[in-house]
Amino acid sequence: MKSKSKHLKQKQIKSNDNKPTIVVENSEKINAELLYWQTRKSVEGELTNNNKHYVNFYTNYFNLDFNYYKNKKILDIGCGPRGSLEWADMAKERIGLDPIADLYLKLEASKHKMKYIKAGCENIPFSNNHFDIICSFNSLDHVDNLEKSILEIIRVLKSDGIFLLITDVNHKPTSCEPIYFSFDVVNKFMPQFSLLSKNHYEKKAGGTYQSILQNIPYDEKNESDRYGILTAKFQKK
21 MKSKSKHLKQ KQIKSNDNKP TIVVENSEKI NAELLYWQTR KSVEGELTNN
71 NKHYVNFYTN YFNLDFNYYK NKKILDIGCG PRGSLEWADM AKERIGLDPI
121 ADLYLKLEAS KHKMKYIKAG CENIPFSNNH FDIICSFNSL DHVDNLEKSI
171 LEIIRVLKSD GIFLLITDVN HKPTSCEPIY FSFDVVNKFM PQFSLLSKNH
221 YEKKAGGTYQ SILQNIPYDE KNESDRYGIL TAKFQKK
């Protein structure tokens with residue numbers, strides 16, 4: 021749930037499918053992520069004051085209501101320090117997963133009732149079939165290894181569980197967003213997941229969530245190199 025940072029010079033290596041993958045040094049990525057949130061806190065004062073928009077995207081946008089979350093175990097991947105699951109006090113368990121969760125606790129996340137776990141999506145420290153709902157909002161392109169992250173999401177989600185995805189696509193790698201993929205990333209979750217719905221949007225000024233609310237469909241005929249936004253709802257078979 022972060023903003024774009026400046027483009028960097030990076031080294032390309034070959035992945036298992038022989039496609040180029042961008043590698044960014046972990047320390048550089050961590051510093052960029054932390055600097056972003058420190059800047060936001062300096063500007064906003066209290067980060068938790070600007071978390072109200074999350075509720076709509078966890079519920080109404082994906083045609084889910086509050087009752088759906090009752091007694092459920094929820095995982096938010098790449099949660100950030102705003103308290104993304106603070107609203108879900110009806111849930112049985114609400115976990116925020118982030119590689120720098122320990123640093124978020126020093127910002128102000130220690131005040132929250134949700135639990136923060138320091139870990140990357142590539143190694144989620146929970147047992148198989150643990151969660152009822154997993155969400156990745158503006159975080160899938162922040163991971164270090166896309167394939168491992170997807171396998172972990174599949175592993176820890178229960179059968180019939182729901183996975184909600186909001187992500188930028190078609191962007192050049194940055195220090196915070198080192199992974200490039202396009203709208204067809206949904207295919208990487210098959211066949212273990214069923215795709216229940218998806219939408220493609222143009223990314224406009226104001227950020228990811230604001231662009232979704234503007235509801236401008238991505239113009240597939242426009243071949244210019246530009247950001248897009250993908251939202252998708254999956255169910256594990």
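Residues in the sequence shown are numbered consecutively from 21, following the numbering used here. Built from N, CA and C at the ideal position, the CB exists for glycine as well.
Pro198 is a Cβ neighbour of Asp164, given a cutoff of 8 Å. Beta-bridge annotation (DSSP): Ser214 is paired with Gln255. Here Phe183 carries a strand assignment [DSSP, helix/strand/coil].
A Cβ-Cβ distance of about 7 Å is found for the pair Lys218 and Thr251, placing them in contact under the 8 Å criterion. For the segment 107-141, the continuous beta strand (DSSP E) assignments of 3+ residues that do not extend past its boundaries occur at 113-118, 135-138, in sequence order. As DSSP reads the structure, Lys93 sits in a beta bridge with Glu113. In the three-state reduction of the DSSP assignment, Ser195 falls in the coil class, being assigned neither a helical nor a strand state. One thing to note: Ile144 has its Cβ no nearer than 8 Å to the Cβ of Val189. Annotation for Phe209: no alpha helix (DSSP H) segment contains it, and DSSP assigns it neither H nor E.
Under a 10 Å Cβ-count criterion, Asn158 is classified as buried, with 16 or more other Cβ atoms of the shown protein chains found around its own Cβ. In this structure, Gly100 and Met134 do not form a Cβ contact; the two beta carbons are roughly 11 Å apart against a cut-off of 8 Å. Val189 sits in a strand when the DSSP states are folded into three classes. Between the beta-carbon of Asp152 and that of Gly181 there is about 5 Å, and that keeps the pair under the 8 Å contact cut. Nearest in C-alpha terms to Ile232, of all of Tyr221, Tyr136, Glu106, Lys257, is Tyr221. Per DSSP, the beta bridge partners of Ser156 are Ile97, Leu185.
In this structure, the beta-carbon distance from Ala52 to Cys196 falls below 8 Å. In this chain, Ile236 is not harboured by any alpha helix (DSSP H), its DSSP state being neither H nor E. Considering only Leu215, Tyr238, Asp245, the residue with the shortest C-alpha distance to Phe82 is Leu215. By the neighbour-count criterion, in which 16 or more other beta carbons inside 10 Å mark a residue as buried, Gly248 falls on the buried side.
Cα atoms of His191 and Gln58: separation of roughly 24 Å, rounded to the nearest angstrom.
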